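Under the numbering used here, think of the first position of the sequence shown as 2, with each following residue one higher.
For glycine and all other residues, C-beta sits at the position ideal for the given N, C-alpha and C.
Keep in mind the model is a prediction, meaning the values are calculated, not measured.
Encoded as structure tokens, the structure appears first; notes follow it.
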Amino acid sequence: MKKYLLPKEGQFYKANLHMHTTVSDGKMTLAETKEEYQKRGYSIVAFTDHEVMLPHEDLTDDKFLAITSVEYACNRQTRVNDFSDVTAVHINFYSPEPNRTTSPVFSEPRFWIEHSKQYVTDEMRKTDYKMYYGVDHINHMIRLGNEAGFLVSYNHPVWSLQNYPEYAGLEGVWGVEVHNTGCAIAGYPDTTVPLDDLLRQGKRVVPLATDDAHSFKDCFGGFTMIKAKELSYPTVFDAMKKGDLYASTGPEIYDLYIEDGEVHISCSPAAEIMLTTDRRYAGVKKATQGPLTEATFGLKGFFHQNEEILAKTDHKPYIRITVKDASGACAYTRAYFYDELQ
Numbered sequence: 002m003k004k005y006l007l008p009k010e011g012q013f014y015k016a017n018l019h020m021h022t023t024v025s026d027g028k029m030t031l032a033e034t035k036e037e038y039q040k041r042g043y044s045i046v047a048f049t050d051h052e053v054m055l056p057h058e059d060l061t062d063d064k065f066l067a068i069t070s071v072e073y074a075c076n077r078q079t080r081v082n083d084f085s086d087v088t089a090v091h092i093n094f095y096s097p098e099p100n101r102t103t104s105p106v107f108s109e110p111r112f113w114i115e116h117s118k119q120y121v122t123d124e125m126r127k128t129d130y131k132m133y134y135g136v137d138h139i140n141h142m143i144r145l146g147n148e149a150g151f152l153v154s155y156n157h158p159v160w161s162l163q164n165y166p167e168y169a170g171l172e173g174v175w176g177v178e179v180h181n182t183g184c185a186i187a188g189y190p191d192t193t194v195p196l197d198d199l200l201r202q203g204k205r206v207v208p209l210a211t212d213d214a215h216s217f218k219d220c221f222g223g224f225t226m227i228k229a230k231e232l233s234y235p236t237v238f239d240a241m242k243k244g245d246l247y248a249s250t251g252p253e254i255y256d257l258y259i260e261d262g263e264v265h266i267s268c269s270p271a272a273e274i275m276l277t278t279d280r281r282y283a284g285v286k287k288a289t290q291g292p293l294t295e296a297t298f299g300l301k302g303f304f305h306q307n308e309e310i311l312a313k314t315d316h317k318p319y320i321r322i323t324v325k326d327a328s329g330a331c332a333y334t335r336a337y338f339y340d341e342l343q
């Protein structure tokens, strides 16, 4: 019997989950953002302007959904006034409700964009959270966000100059950027390394491909495909929370399911399709006579290995799949852990 990893029902909605507008340091207005992304087949944009979270329900209609969200920056302070070597942690909070304007970590003194201060309300000022750099403090921010229902993403680790000790201890993160168009254009392309580092600890984080766009040139390079039954805020947010999505810089994934001890994937034309796990159990299918549009990987050995290991440890094995096209663009499924594959 087939067990669908990406839901069988519903449809895919193309989303950019990291975007800056003229509300903060972006050059595109809210209306321009909606117009340009819709032209290119996007149905969802998360407006993650810096430090201030604003609802944009006026942009939402039957063909477009605005996700209420915000990006918080927590930077290591240095003695030298030179931002080029400042280690940073940037996280997005995605609101479970479209009309929310407050978060438990709001901090007006942290505003570094002067014109953004015009959007601050007395209701927001009731919270004055003190931010400090360090994994324990970031975890406190994430925990408060999670308790208030927010999904939290960990953004652009490479641009942030983050190494394993800086991010390995993060708890409660929902998503990790494996691609960030703005950072890639600037010379700081992200990788799947932080994603797998967290996954190997049993942390169920999903991959995100975003634009982090500040201007038109930063747009349309990475996207997240969310599969949901309808384009409504609660339905899409629930799909995000469940991980009914994949991240991509080009290729599309159509089906993903398990049947008779094998995982099957169908996709747009690909040069390679790769199975990755938490150990040295992997697989690669390469196009030889024309592009690949599907692949199957046997998992019986993976299951057998882990039956023995799980009897002795609390290890949390997983699989994920990468689709690469002829240009090198990739699509990444989320990780599916052992208990989800049975």
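Quick check: the region 237–244 against the region 267–275, are there 3 or more CB pairs under 8 Å?
no
Thinking just about the alpha-carbon of each residue, which of Ala214, Phe221, Ser161 is nearest to the one in Pro195?
Residue mapping note: residue 195 aligns to position 194 of the sequence shown, counting from 1. Of the listed residues, the one whose Cα sits closest to Pro195 is Ser161.
Within 10 Å of its beta-carbon, does Ser154 have 16 or more other beta-carbons around it, so buried, or fewer, so exposed?
The count along the sequence shown starts at 1 and reaches residue 154 at position 153. Answer is buried; the Cβ neighbour count reaches 16.
Among Val174, Ser216, Leu199, which residue has its Cα nearest to the Cα of Glu148?
Along the sequence shown, one-based indexing puts residue 148 at 147. That would be Val174, whose Cα lies nearest to the Cα of Glu148.
Completely contained beta strand (DSSP E) runs for the region 126–211, where each covers 3 or more residues
152–155, 176–181, 207–211
Secondary structure at Lys9, three-state DSSP: helix, strand or coil?
The residue given as residue 9 occupies position 8 in the sequence shown. Lys9 falls in the coil class under three-state DSSP.
Alpha carbon of Val24 to alpha carbon of Lys4, nearest angstrom:
Stepping through the sequence shown from its first residue, residue 24 is reached at position 23. Stepping through the sequence shown from its first residue, residue 4 is reached at position 3. Spanning the two alpha carbons is a distance of roughly 44 Å.
Is Met226 buried or exposed, if buried means 16 or more other CB atoms sit within 10 Å of its CB?
One-based indexing of the sequence shown puts residue 226 at position 225. By the 10 Å Cβ count, Met226 comes out buried.
Does the beta-carbon distance from Phe48 to Tyr73 come in below 8 Å?
Residue numbering aside, residue 48 sits at position 47 when the sequence shown is read from its first letter. Residue numbering aside, residue 73 sits at position 72 when the sequence shown is read from its first letter. No; because the gap between Cβ atoms is not below 8 Å, this pair is not in contact.
Mapping the DSSP letters down to three states, classify Leu55 as helix, strand or coil.
For this step, residue 55 is matched to residue 54 along the sequence shown. Note: Leu55 maps to coil in three-state DSSP.
In terms of residue numbering, what span does the alpha helix (DSSP H) encompassing Pro235 cover?
Along the sequence shown, read from residue 1 onward, the residue named residue 235 stands at position 234. First-last of the alpha helix (DSSP H) with Pro235: 234–243.
Proximity test, Cβ basis, 8 Å: Ala214 and chain B
You won't find chain B in this structure, because it holds only one protein chain.
Around the C-beta of Thr122, are 16 or more other C-beta atoms found within 10 angstroms, so that it is buried, or is it exposed?
For the purposes of this step, residue 122 is taken as residue 121 along the sequence shown, with counting starting at 1. Exposed, since its Cβ has fewer than 16 Cβ neighbours within 10 Å.
Residue range of the unbroken alpha helix (DSSP H) whose run includes Leu342
Translated into positions along the sequence shown, residue 342 becomes position 341. Element bounds for Leu342: 339–342.
For Ala229 and Gln12, the rounded distance between their alpha carbons:
Numbered from its first residue, the sequence shown carries residue 12 at position 11. Numbered from its first residue, the sequence shown carries residue 229 at position 228. Approximately 6 Å, taken between the alpha carbons.
I need the straight-line Cα distance from Asp213 to Gln39, nearest angstrom please.
Walking along the sequence shown from the start, residue 213 turns up at place 212. Walking along the sequence shown from the start, residue 39 turns up at place 38. Straight-line Cα distance between these residues: approximately 17 Å.
Does the structure place the region 41–55 close enough to the region 130–149 that three or more beta carbon pairs sit under 8 Å?
no
Coil, strand or helix - Lys18 by DSSP
Residue numbering aside, residue 18 sits at position 17 when the sequence shown is read from its first letter. Residue 18 is actually Leu in this sequence, not Lys. In the structure shown, Leu18 sits in coil (DSSP, three-state: anything other than H, G, I, E or B).
Expressed to the nearest angstrom, what Euclidean distance is found between the alpha-carbon atoms of Phe238 and Ser96?
Here residue 238 corresponds to residue number 237 of the sequence shown, with the count starting at 1. Here residue 96 corresponds to residue number 95 of the sequence shown, with the count starting at 1. Whole-angstrom Cα-Cα distance: 8 Å.
What residues in its chain sit with their C-beta under 6 Å from that of Thr88, if we drop five residues either side in the sequence?
For the purposes of this step, residue 88 is taken as residue 87 along the sequence shown, with counting starting at 1. Closer than 6 Å at Cβ, skipping near neighbours: Arg77, Leu162.
Give the DSSP-derived three-state secondary structure of Lys64 in the structure shown.
Stepping through the sequence shown from its first residue, residue 64 is reached at position 63. The answer is coil: DSSP assigns Lys64 none of H, G, I, E or B.
Of the residues Val106, Cys75, His21, Ile45, the one placed nearest Asp63, counting alpha carbons only
Counting from 1 along the sequence shown, the entry for residue 63 is found at position 62. Of the residues Val106, Cys75, His21, Ile45, the one whose Cα lies closest to the Cα of Asp63 is Ile45.
Distance, Cα to Cα, His305 vs Pro318?
Taking the sequence shown and counting its residues from 1, one reaches residue 305 at position 304. Taking the sequence shown and counting its residues from 1, one reaches residue 318 at position 317. Their Cα atoms are separated by approximately 12 Å.
Cutoff 7 Å; reference Leu145; Cβ partners in own chain excluding five residues on either side:
Translated into positions along the sequence shown, residue 145 becomes position 144. Correct list, in chain order: Pro105, Val106.
Would a C-beta distance cut-off of 8 Å place Val159 and Val177 closer than the cut-off?
Here the question's residue 159 lines up with position 158 in the sequence shown. Here the question's residue 177 lines up with position 176 in the sequence shown. No, these two residues do not count as a Cβ contact at 8 Å.
By Cβ distance, which residues of its chain are closer than 8 Å to Leu1, with the 5 residues on each side in sequence left out?
Within the shown structure, residues of the chain are numbered from 2 to 343, placing residue 1 beyond reach of any answer.
Close Cβ partners of Tyr337 (< 8 Å) along its chain, the five nearest in sequence each way excluded
Here residue 337 refers to the residue found at position 336 of the sequence shown. For Tyr337, where only same-chain residues beyond five positions count, the Cβ hits under 8 Å are Leu6, Tyr319, Ile320, Arg321.
Taking 8 Å as the threshold (C-beta atoms), are Leu293 and Ala358 in contact?
No answer is possible for residue 358: the residues shown for the chain start at 2 and end at 343.
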